[in-house]
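Structure, rendered in structure tokens:
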């Protein structure tokens, strides 16, 4: 049985794509002030203008992290979890690949199982 | 806005009461508040009811206020439900304050009620409304506050032992509160040795699953005089705001700083005037960060407040004298009202063994819910003895 994709489970537009083997996040950029967000949004929080599609590098800095030992429903095992500030500005909260992390380290998005039976993305060390 | 006073309080014990219905919990709280205010059902002119999880858990997204009012003998008046995450009760209090303060009504009742013990995913962290994408990517409320804890510890050098001392302090306060969910003594060792939920937060670093109801009666000055209220407590200010959704430093909550500024400005007092506070200590780290965001100490000094006992009973500024969410319990919608009840009880000098001597000004803080990567709602009320 092939795992369901995150976007299909949510019923939303694709959140990322592969480009030359690298994962790119599909976000948006404000036509007015240039502010970038992820996931893609319709209206800018900063200036109220419309957003257009934008492809993000998927690279960022780990603002903080934790290890979830008592996982929520849908996760059969514990996992590392982080707050990532993407290079283009948006903040993302997501599970991490790996066990040892430091605040301020560089991370990048990788294709990964997000929870039981669901494929999507996590973040991992950028040098991995 | 006219002056508004809290003139009656009532709440059920907080805990796990699988045999009690929402209706029973709400009715008991309402009847308690009416009796304390020495008014009857027909004196109440408007009701706002806060509840957050009654839709998912009990098939009642709407009408919990009417259900409890109907059960308690209140009819023929405007009754509205207020859902605002963990701040649902605080928001019901604010709506009632607006209704009475505006001059439309003289006597209002704010109710909060919740029954979480029936949730099917017992033993696992409570999820958060609306976090569909984030939840699939691994989000839980304890995870968010664990991120806050790591960031805070990295910036200040605060240790897991200091975090644990918040739970120990609040448990020692709860020992004096007969309505609190957990009252037996707790040690730092026990907090640290309890099962890890989200590093560094252990089970006893997180608030429990709770059921309960709480209600307060609010009155205008005219009604205070008409009903010969003995010890009214004045609502000096009520501030409510929503998230800024910016990528701020997670070692603080910008939403709380914004709400606190508004609350102090409207009340005409500063943090140095606050004698006692109930804050939203859903997790040990939260309380320390709330001290700083509410201005009870300088940024970075929150851990020092706990270490030196300044926020314990007998300290400079006792916080969570009820036992807080950690030990009094956290039945979401009822929490904000129960916090206002604790501060009202303190300002009436009726808190018994947990009384803060001479308390004149108290603060109530509630932060709830998430949108994207930020908190969704913060409500702050500042109350004063008259």
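Protein chains in written order, with the working numbering: chain A, 1 to 128; chain B, 1001 to 1386.
Think of the CB as a built atom: it goes at the ideal place given N, C-alpha and C, for glycine as much as any other residue.
- Taking a Cβ-Cβ threshold of 8 Å, the residues of chain A close to residue 1124 (chain B) are 70, 71, 72, 73, in chain order.
- Within chain B, 1133 have C-beta atoms less than 8 Å from the C-beta of residue 39 (chain A), given in sequence order.
- Close partners of residue 1032 (chain B) in chain A (Cβ separation under 9 Å) are lacking, with about 35 Å as the shortest Cβ gap.
- DSSP, read as helix, strand or coil, puts residue 108 (chain A) in strand.
- Within the same chain, 1351 come within 6 Å of residue 1345 (chain B) by CB-CB distance, once the 5 residues on both sides are set aside.
- By the neighbour-count criterion, in which 16 or more other beta carbons inside 10 Å mark a residue as buried, residue 1095 (chain B) falls on the buried side.
- Residue-level contact by beta carbon fails for residue 53 (chain A) and chain B, as no gap is shorter than 7 Å.
- Between residue 1253 (chain B) and residue 63 (chain A) a beta carbon distance of about 14 Å is seen, past the 8 Å cut, so the two are scored as non-contacting.
- Of the candidates A:83, A:39, A:52, A:55, the residue whose Cα lies closest to the Cα of residue 124 (chain A) is A:83.
- Considering only B:1073, B:1087, B:1082, B:1031, the residue with the shortest C-alpha distance to residue 1339 (chain B) is B:1087.
- Between residue 1146 (chain B) and residue 1008 (chain B), the alpha-carbon positions lie close to 38 Å from each other.
- Taken in chain order, the whole alpha helix (DSSP H) runs of length 4 or more contained in the stretch 1271-1354 of chain B are 1284-1293, 1302-1307, 1324-1327, 1332-1347.
- When C-beta distances to chain A are compared with 7 Å, the residues of the stretch 1239-1269 of chain B below that value are 1245, 1247, 1250, in chain order.
- Rounded to whole angstroms, the gap between the alpha carbons of residue 1332 (chain B) and residue 1154 (chain B) is 30 Å.
- By the criterion of at least three beta-carbon pairs nearer than 8 Å, the stretch 1172-1189 of chain B is in contact with the stretch 1007-1023 of chain B.
- Rounded to the nearest angstrom, the gap between the Cα atoms of residue 47 (chain A) and residue 1022 (chain B) is 43 Å.
- With 16 or more other Cβ atoms from the protein chains shown falling within 10 Å of its own Cβ, residue 1126 (chain B) counts as buried.
- Within the stretch 1133-1181 of chain B, complete alpha helix (DSSP H) segments of at least 4 residues are found at 1141-1156, 1160-1174, given in chain order.
- Your pair residue 1238 (chain B) and residue 1381 (chain B) checks out as a contact, with CB atoms roughly 5 Å apart and the cut at 8 Å.
- Non-local beta-carbon contacts of residue 1247 (chain B) in its own chain, meaning distances under 8 Å to residues more than five positions away in sequence, involve 1373 in chain order.
- With a beta-carbon spacing of about 7 Å, residue 1311 (chain B) and residue 1169 (chain B) fall inside the 8 Å limit used to define contacts.
- Per DSSP, residue 1006 (chain B) is one residue of the beta strand (DSSP E) stretching across 1004-1011.
- Between residue 1264 (chain B) and residue 1359 (chain B), the alpha-carbon positions lie close to 17 Å from each other.
- According to the DSSP secondary-structure assignment, residue 91 (chain A) is paired through a beta bridge with A:85.
- For residue 18 (chain A), the uninterrupted beta strand (DSSP E) run begins and ends at 16-19, by DSSP.
- Between residue 1063 (chain B) and residue 1334 (chain B), the C-beta spacing is not below 7 Å.
- Between residue 1131 (chain B) and residue 1285 (chain B), the beta carbon gap of about 20 Å keeps them out of contact (Cβ cut-off 8 Å).
- At least one C-beta of chain B is nearer than 7 Å to the C-beta of residue 64 (chain A).
- Of all residues in the stretch 1186-1205 of chain B, only 1195, 1196, 1197, 1198, 1199 place a beta-carbon less than 7 Å from a beta-carbon of chain A.
- Taking a beta-carbon distance threshold of 7 Å, residue 1139 (chain B) counts as an interface residue toward chain A.
- DSSP places residue 1266 (chain B) inside the alpha helix (DSSP H), whose first and last residues are 1254-1267.
- When C-beta atoms of the stretch 1095-1112 of chain B are compared with those of the stretch 52-62 of chain A, fewer than three pairs fall below 8 Å, so the two segments do not count as touching.
- A contact is defined here as three or more CB-CB pairs under 8 Å, and the stretch 1102-1114 of chain B meets this definition with respect to the stretch 1210-1220 of chain B.
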